[in-house]
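> The following block contains the structure, expressed as C-alpha cells.
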Amino acid sequence: MRRGSTDLLLLGAVVAVVTAFALLPAGALFARSLGGSGGSGAIASAFTEPADRAAFRNSLVQGGLSAALAMAIGYPAGVFLGRYRWPGRGTFRSALLLPFLLPSLVMVLGVLDLFGPSGLLAGPFPATRWLASGVPGIVAVNLFYNVPIVVVLTATGCEASSSDLEETVASLGGGPTRAYLETWAWPSWVGAACGGLLTFVFSALSFAPPILLCGDRCTTSEIRVYQLAEILGEPAAAGVLALLLVVGFLAPALAYVVLVRRLRPSRGRRHRSQPPSWGAPGTWALALSFGAVVVAEGALVLAVLFRSLVPSGSGATGRAWTTLFSSATAARLQISVAGAVGNTLLFASLAAGVAIVLATASSFVTSRRPALAAGLGLLLFVPVLLSPVVLAEALAAFWRPLLGGAANVWLLIVLSQGLLGLPFAVQSLEIPLAALPRASAEAAETLGASPWGAFVDAELPRVRRGVQTALLFAFALGLGEFTATYFLVTPQFRTLPVAVYELTNDRLFAAAGAAAALLLGLSVVVFALIVASGVDPHE
Amino acid sequence: MSSSRPRLEVERLSASWGRTPVVRSVSFTVQEGEVLTLLGPNGSGKTTLLRAIAGFERPTAGTVRLDGVDLAGVPPHRRSIGMLFQEAALFPHRTVLENIAYGPMLQRRDERDLRAVVERLSALLTLGELLDRSPLELSGGERQRVALARTLAARPRLVLLDEPFASVDVEIRADLHAEFRAALREFGATAIHVTHDREEGFFLGDRVALIFDGALEAVGPPQELYGHPGSARTARFLGYNVLEGAGGPIAVLPDDLTVVPDPGPGPTYTVRAAGLVGRGFLTVLEGAAGERVDLRSDRPLPVGSVVGLRWSRGVPLPRAGPADPRG
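Rendered as C-alpha cells:
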C-alpha cells in the first residue's frame, strides 16, 4: 500500500481535533478527579456508594433489555429489508432513518401520547398503560429509537453477503437453511450485533427517558454523573464515575468498532436482492415483522403530531401551539421558540459540517492506510464512549475558561454535536467507499491526479449517497442532540430539544408536544430535502 | 525505437506480497516508441511488476528509471506513467468526453490543444458517436477504447496495459488488438503490455518478455522468441511439444507432428482425448513418462490407442530440458 504526505497530514488533523476536543478535556477531567484530595475516596465510593451501584445496575438492565429486544425485533425486519427487492424499498429504508432525526425526548412524548394515562391506545387497550412508565416505558422509548438502527445494520449485513456464494450452495444441493448458514447468517448477525451494541451503549447511557418516565428509581450512571457534578457539587466523584463508565463501556464500544468493519462488502463481491418468495411462510413472517416496525414507528410519530393538534383532556384544538408561542413560554424558556429553532438549525448545520469534513478526511486516510482503520475508528468513537454528559462536562471544564466565558459556548455545542455524530458519518462514508474498486482512483493518479485529487475526483462522486447519508446522520444527531447541549447551553443558545425537555419537566405537556411536533416537522422537511436531492444512479 | 537511451530501465526489481516474493530480480529496458509485451501465466507476477513500475506497489529491491530518472519515492501521479486496467476503470460519473479530457484538464492544457487531442483520438479509436455518453452505456470493447484514449490524451511517457482485453468478448477482441496496435504506434507511445494470451502478446509487442514465477525467462522480438524458444519451459508456454529427439530435446509444433500407427521400438504415446478445433482435430497424447503431447490431425484418433510420432520440423533445445523440474 502506498503512503503519502497528504494522508499523514489529514490523519494528524483528525487526531488533533479529537484529541483537543475529547481526549484532552476528558483526560484533564479524569486526572483532576483522581488527583484531587478526594480522589481515592471517590474511587472507593464509586464501588460502595449504593446510589452509584444502583445507577450502574440500572444502566446495565435498561441497556441489556433494550439491546436484546431491539435485536429480536429488528433482525427479521432487517432481513426482509436487506434480502428482498420490493416496490418502495428504498423509500422505506430512508424513512427508517427518520427516528435518528429526533431526540429521544420526542420518543418519550410519543410513548406518553400512545400509552400514557390519556394516551391514544390507553383508552381502547388499558393493558398497554404499563408501557408508559418505569423500566418498561424506558425500554419502549429505547426500542422506538434504536430498532431502526438494528433493522438498517442487519440489512447492511445481508447486503455484505455474496449472492454468487449463495447460488453456489444452492447449485450444490444446499437448501435455504444451508445457504443461510454458509453464506448470510454470519454477516446478517454481525449487522444485528452492531445494532445491538449501539442500542446497549445508547440505552445504558440514556439521560432524559429515565428522568421523565421513572425518576430517581431508574437513574442511570449518566444521570448519576450529572447529579454528582451539577446538583450535589461533587466533581471529583462525578469525574471518577465518568472514568469508570468509560472503562466499563470500552468493551462494547470496541466490539462495535471491530464488528462494523466486517459489514463492508469485499471488493467485487456482489449482492443481488431477490423478489420475495411469497409462497414461503417465512417470507410472510419477515414481511410482517418489517411492517410491524414501520407501523409502530409511524404510530409514534403520528401520535406526537396528533396530540400537538388535539391535546388530551379539556384542551381545545390548537391550544398547544398557542401556548408554545406565548410570551409566558418564552419567558419560561428565556428564549423565543423562533430563536430556539434558529439555534437548533444553525448548530446542527455547523455540527454536520464539522462531522463531514472530519469524516471525509478520515475515510481518505483509511482508504490509503487500511492498517490504521481499526485504531482510527476507535479514536472517533471516543466521544460516544465518553457519553454526552461526560463529553460536555469535560469540554465545559477545559475549554470554557479558554474561550472566554458563556458567549462562545455555542462553539462547544457545535463541536460536541459534531463529534457525537462523527463515527456514524464515517461509517456511512466508509462502507460504500470500501466496496469501490481501487482501479478508478489509481487510473486518476496515473493521469496526474494527486492521491487526494483522485479521491475527490474518482471516488467521492461515486459514493454520493454515502456522503448524503453521512451528512444526514451528522445533521440528524445534531438536530436531536439533547444531553450534551443541555449540559453546555446558556439561555440565549437554547435549542428546541432543550425546550421540549424544559417544558416536559414542568409538566407542560401540551406545549412540549407542540415543540416536539415542530422538531418533528423540521426533521421531516430536512429529511425530505436530503432524500430528494437525488440518489446516485451509478451506485 | 530510435533513441539510444532507453525510455524505461528496470534493474533487479523485486517485489513481495507479505513475505512471499512475487517479482524476483527482474531487469529489462524499453526503448522510446517500443511496445514490450510481458507474457506469462496467471500468478507469474506480471501485474505486480507493472504496478511496481506505476508506483502502486513498493519494490523490495531494485530500481526503475524513466528517461534516466530514478523513480524511487516518486508518487504515481508524478511519474507520467499512464495505466490501463483490466476493467477500464472509467469514471462513471463523467461522460466519455470528460473521461478523455481528464488528464489534459489536470495538466491545464489550453482549450484548442484539448479539442485537437480529443478529435484525433476520437477519429483514431472511432469514438465520435460516444463522446456524450455515460461509460455505463458502453460495451466492454468501447470502454477499453475510451480508456486507451483517456490514457493517451494525457501524453504519458510510458503506457502500461494490464490485460486490457481480458474481460472483452472474444469476437471483438481481434478488432481491438488491431485498433490498439494502430493507436499506440500512431501516437508513438512507449508501452508495456501485460497478458497471458500468447497470440495477443505476440501481435501487439515489438518485443516479448516471458515471465515465469516472478523471473524473466526470455526477452526478444516475437519471431526470434517463437523461432528459438531457448528452453523447454518457454517452448511449452509458446505451444510447442517438447520431445526427446536423437540429438537431445526438441520443440515441435502440434501441426508438425504426424502419427506412426506402428511405432516399432521407438517411444509410444497413448491417446487420452480428441476433439474438433477449427477445421481439424486436436488430439492429446500421453507419453511413457506422463508428458503431454498435442497433435493436430484431419481425423480423430481412437481414445486409448497407442501410437508413435514423427515430426517434419523441430527446434533443438539445450540439454537442460529434461532436468527441468517442471518438464
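Heads up: the protein sequence lines correspond to chains B and R, in order.
For reference, each letter of the first sequence is one residue, going -17 to 521 in the working numbering.
For reference, each letter of the second sequence is one residue, going 293 to 619 in the working numbering.
The beta carbon of each residue, even a glycine, is placed where N, CA and C say it ideally should be.
Owing to the predicted nature of the structure, the values given are computational and were not obtained by experimental measurement.
Does the separation of the CB atoms of L450/R and L476/R fall below 9 Å?
No.
> Among residues of its own chain, excluding the 5 on either side of T348/B, which ones have a beta-carbon nearer than 7 Å to its beta-carbon?
L354, A355, L358 and E412, listed in sequence order.
> Could you list the residues in the segment 406 to 436 of chain B with a C-beta less than 9 Å from some C-beta on chain R, going in chain order?
Result list: P419, R420, A421, S422, A423, E424, A425, A426, E427, T428, L429, G430, A431, S432, P433, G435 and A436.
> If we ignore side chains and look at the alpha-carbon of each, how far apart do I317/B and T304/B end up?
Spanning the two alpha carbons is a distance of roughly 16 Å.
> Which two residues bound the contiguous beta strand (DSSP E) that contains S459/R?
Careful: S459/R lies outside any beta strand (DSSP E) and carries neither H nor E.
> Helix, strand or coil, according to DSSP, for I484/R in the structure here?
I484/R: strand per DSSP, three-state reduction.
> Kindly say whether D(-11)/B, judged by its beta-carbon, lies nearer than 9 Å to any beta-carbon of chain R.
No, its Cβ sits nowhere closer than 9 Å to a Cβ of chain R.
> What three-state label does DSSP hand W168/B in the structure shown?
Reduced to three states, the DSSP call for W168/B is helix.
> Could you confirm whether any beta carbon from chain R is found closer than 9 Å to the beta carbon of P352/B?
Closer than 9 Å: no.
> Roughly how many angstroms separate the alpha carbons of G155/B and L270/B, rounded to a whole number?
If you take the alpha carbons of G155/B and L270/B, they lie about 29 Å apart.
> What are the start and end residues of each continuous beta strand (DSSP E) run of 3 or more residues lying completely inside the segment 545 to 577 of chain R, in chain order?
List check, beta strand (DSSP E) in window: 549 to 552 and 561 to 569.
> Closest to D95/B by C-alpha separation, out of P108/B, A114/B, G280/B and P85/B, would be which residue?
Ranking P108/B, A114/B, G280/B and P85/B by Cα distance to D95/B puts A114/B first.
> Shorter than 9 Å from the beta carbon of L382/R to some beta carbon of chain B?
True, the Cβ-Cβ gap to chain B drops below 9 Å.
> What residues from chain B crowd round G374/R, counting only those whose CB sits closer than 7 Å?
In chain order: T428 and L429.
> Measure the Cβ-Cβ separation of I542/R and L300/R and say whether it is below 9 Å.
No. Outside cutoff.
> Residue ranges of each alpha helix (DSSP H) run of no fewer than 4 residues wholly in the segment 405 to 488 of chain B, ordered along the chain?
Counting only runs of 4 or more, we get 421 to 428, 433 to 436, 446 to 462, 465 to 470 and 478 to 487.
> Using the three-state DSSP reduction, which class does E434/R fall into: helix, strand or coil?
E434/R falls in the helix class under three-state DSSP.
> Just reading off the beta strand (DSSP E) that G374/R is part of, what are its end residues?
Where G374/R is concerned, the enclosing beta strand (DSSP E) stretches over I373 to L376.
> Taking the beta carbon of P99/B as the centre, do at least 16 other beta carbons fall within 10 Å, making it buried, or is it exposed?
When all chains shown are included, P99/B counts as exposed.
> Please return the same chain residues whose Cβ sits closer than 6 Å to the Cβ of V361/R, not counting the five positions on each side in sequence.
Around V361/R: no qualifying Cβ.
> Look up L330/R in the DSSP assignment and say whether it is helix, strand or coil.
Of the three classes helix, strand and coil, the one that applies to L330/R here is strand, per DSSP.
> Sort L187/B, L195/B and E212/B by Cα distance to T202/B and report the nearest one.
When only C-alpha atoms are compared, the closest one is L187/B.
> Tell me, please, whether the CB atom of R444/B is closer than 9 Å to any CB atom in chain R?
R444/B counts as touching chain R.
> Could you tell me which residues DSSP puts in a beta bridge with F504/R?
F504/R pairs with A507/R.
> Please state whether DSSP places E421/R in a helix, a strand or coil.
Looking at E421/R - three-state DSSP - the assignment turns out to be helix.
> V323/B and G400/B look like a contact to me (Cβ under 8 Å); what is the Cβ gap, rounded to whole Å?
Actually they do not touch by this definition, with Cβ atoms about 20 Å apart.
> Which class does S336/R belong to by DSSP, given the choice of helix, strand or coil?
Coil.
> Should A49/B and T181/B be called a contact, given that it needs their Cβ atoms to be closer than 9 Å?
Yes, the Cβ-Cβ distance between A49/B and T181/B is below 9 Å.
> Three-state secondary structure (DSSP) at L305/R?
In this structure, L305/R counts as strand in the three-state DSSP scheme.
> Using a Cβ-Cβ cut-off of less than 8 Å, give me the residues of the segment 401 to 413 of chain R that come near chain B, in sequence order.
Answer in chain order: no residues at all.
> For the candidate residues A307/R, T418/R, V460/R and D424/R, whose alpha-carbon lies nearest to that of Q378/R?
Comparing Cα positions, the closest option is V460/R.
> Hey, how far is the Cα of V322/R from the Cα of A381/R?
If I take the Cα positions, the gap works out to 25 Å.
> By a C-beta neighbour count over all protein chains shown, 10 Å radius and 16 as the cutoff for buried, is D34/B buried or exposed?
Buried.
> State the DSSP-derived secondary structure class of V366/R, mapped to helix, strand or coil.
Here V366/R sits in coil by DSSP.
> Looking at the strands, I want to know which residues DSSP matches up with Q256/B.
In the DSSP output, where bridge partners are listed per residue, Q256/B has Y66/B.
> Taking DSSP's pairing of strands, which residues face E491/R in a bridge?
Answer is none; E491/R lacks a bridge partner.
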